[in-house]
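Numbering (the working numbering), first residue to last: 4 to 176.
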């Protein structure tokens with residue numbers, strides 16, 4: 004919210020007005036998530052099948068996000084996905100994403116090493132964070148946006164979850 008207010012102040016709004024406008028926009032947006040499903044984000048096609056396959060293969064999965072924990076929990080619950088994830092790292096945690104230490108802390112919480120992980124991100128900051136944290140498998144995901152942001156071409160980029168295949172018994176590292 005502070006960064007939004009800062010951007011508004013940089014284009015000419017006074018700081019109190021920028022902060023007030025920023026707060027009202029965030030409050031209104033947060034309120035949409037409690038309304039009808041037409042306002043609630045939905046999981047992209049194929050995610051449920053992928054998460055089921057990962058769960059059946061015994062893969063530990065987690066979410067690392069700049070959303071707050073309540074927002075992550077609400078999304079996962081609304082999509083019937085909560086049971087598929089063993090860990091969460093949110094904006095409520097410290098350090099925050101995109102600090103590579105956030106990846107290390109989440110991995111420590113789960114009892115696994117970053118060099119035994121994969122990370123799929125939808126922003127270049129996610130991809131760099133994973134690389135800097137020592138995650139060996141780093142993939143971009145471009146299908147979660149109505150207009151996909153350009154992702155760093157050094158990282159493979161998925162356009163659909165079906166591009167991933169889960170093979171039980173094969174492990175990273």
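Glycine included, every Cβ here is placed at the ideal spot set by N, Cα and C.
Among the residues of its own chain, which have a CB less than 8 angstroms from the CB of residue i, if the five just before and after it don't count?
i: residue 70; result: 78, 93, 94
i: residue 131; result: 101, 155
i: residue 160; result: 142, 143, 144, 145, 154
What are the partner residues of residue i, as DSSP defines its beta bridges?
i: residue 92; result: 67
i: residue 143; result: 124, 160
Compare the beta carbon distance of residue i and residue j with 8 angstroms and say whether it is the shorter of the two.
i: residue 87; j: residue 110; result: no
i: residue 16; j: residue 164; result: no
i: residue 11; j: residue 25; result: yes
i: residue 169; j: residue 57; result: yes
i: residue 134; j: residue 113; result: no
Which whole-angstrom value describes the C-beta separation of residue i and residue j, a residue pair presumed to lie in contact below a C-beta threshold of 8 angstroms?
i: residue 68; j: residue 75; result: 6 angstroms
i: residue 72; j: residue 84; result: Actually they are not in contact, since the Cβ atoms of residue 72 and residue 84 sit about 15 angstroms apart, beyond 8 angstroms.
i: residue 139; j: residue 118; result: 6 angstroms
i: residue 148; j: residue 125; result: 7 angstroms
Can you give me the Cβ contacts of residue i inside the same chain, cut-off strictly under 6 angstroms, excluding the 5 residues immediately before and after it?
i: residue 171; result: 60
i: residue 162; result: 145, 146
i: residue 47; result: 146, 147
Tell me which residues share the same chain as residue i and place their Cβ nearer than 7 angstroms to its Cβ, disregarding the 5 neighbours each side in the sequence.
i: residue 23; result: none
i: residue 107; result: 117, 136
i: residue 44; result: 78
i: residue 39; result: Interpretation of residue 39 is limited by its pLDDT of 44, a score under 50 that renders its predicted location unreliable; no figure is taken from the coordinates.
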